[in-house]
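Numbering (UniProt numbering), first residue to last: 1 to 183.
In this text, a Cβ means the ideal position worked out from N, Cα and C, and glycines have one as well.
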Amino acid sequence: MGIKSLFIKYAEVLNLVKNILKSMVGEALIGSGPEVAHIDLVIGPRGSPVEAAFMNSLAMPRQGHTPLLAVLEPNIQPKPATLLVNKVTIKNVSQAALMFGPAQAAVAKAVMDSVADGVLSEEQADDTFIIVSVFIEWDAKDKDKVYEFNYEATKLAIARAMEGRPTVKEALAKKDSAKHPFA
């Protein structure tokens, strides 16, 4: 092994260690209307506060707020293990069906596509945990839009988390001109 390939291998190892030793945060808003998707997520390694929050959330559901595992289909979870938590209290069966269906599947697919694309490490997947906070508005009806918007928002939030985006400089540059769409 030459010195150049040794340095490349060392850089790869450092990058893996960097990624697994810290928790990352991502956010994305995609779509419009009642099916809009606003995803907030955290990604962290085994032994981190993210894993502890994952286990605690799964063990302590509350009325209207039931954490659920992301699944591609029943009995097929994505890796890294991914937990969905709802931002808005689920008040009716149609809202629950959108969370426990299109949103759940969309998040799982986005996680696996992020692994397939190399954004999330396949080698670290069994030792990584993701918590995804999902917004399903009470008036949402279109399950295809819920799926599409939550898939896109989850993929974007994962990429932003793994890239450390926005950077402090990016946030500072936008602080005076930023406009929140719901403010």
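Option nearest residue i by Cα separation, candidates the options
i: P78; options: N56, D127, S94; result: D127
i: A157; options: S57, S94, V111, Q104; result: V111
i: P102; options: F129, A173, A37; result: A37
i: V107; options: V93, L69, R165; result: L69
i: E148; options: Q124, K109, A116; result: K109
i: N92; options: A183, K141, V146; result: K141
i: M24; options: K143, E152, F129; result: F129
Exposure of residue i, with buried meaning 16 or more beta-carbon neighbours within 10 Å
i: T167; result: exposed
i: D40; result: buried
i: A171; result: exposed
i: P61; result: exposed
i: A161; result: buried
i: T154; result: buried
i: E163; result: exposed
i: G26; result: buried
i: K145; result: buried
i: V13; result: Note that V13 has pLDDT 49, beneath the 50 cutoff, so the model's placement of it is unreliable and the number below is only indicative. Its Cβ having fewer than 16 others within 10 Å, V13 is exposed.
Rounded C-alpha distance that separates residue i from residue j
i: I43; j: V132; result: 9 Å
i: A11; j: S121; result: Any reading at A11 must be qualified, since the residue scores a pLDDT of 49, below 50, and its modelled position is unreliable; the value itself is stated next. Near 15 Å, if we compare the C-alpha coordinates of S121 and A11.
i: N150; j: Q104; result: 9 Å
i: A159; j: L83; result: 17 Å
i: K174; j: K22; result: 26 Å
i: A59; j: T66; result: 10 Å
i: residue 186; j: D113; result: For the chain, the structure presents residues 1 to 183; residue 186 sits outside this window and is missing.
i: M35; j: K169; result: One detail in the question is off: residue 35 reads as Glu in this sequence, not Met. Cα to Cα, E35 sits roughly 32 Å from K169.
i: I90; j: Q63; result: 8 Å
i: P80; j: A116; result: 12 Å
i: A183; j: A28; result: 16 Å
i: R165; j: S94; result: 34 Å
i: V88; j: V119; result: 29 Å
i: I30; j: K143; result: 15 Å
i: N86; j: E123; result: 29 Å
i: A125; j: E152; result: 20 Å
Identity of the residues DSSP links to residue i by a beta bridge
i: H65; result: R62
i: G44; result: F129
i: V85; result: S133
i: V146; result: According to DSSP, which records beta bridges pairwise, V146 is partnered with nothing at all.
i: V25; result: V42
i: I76; result: E73
i: I30; result: A37
Under 8 Å: do the stretch 136-146 and the stretch 165-181 share three or more Cβ pairs, one atom per stretch? no
With three or more C-beta pairs closer than 8 Å as the rule, is the stretch 30-50 touching the stretch 60-74? At 8 Å Cβ cutoff, the stretches do not touch.
Evaluate the contact criterion for the stretch 97-104 versus the stretch 50-64: three or more CB pairs, one atom per stretch, below 8 Å. no
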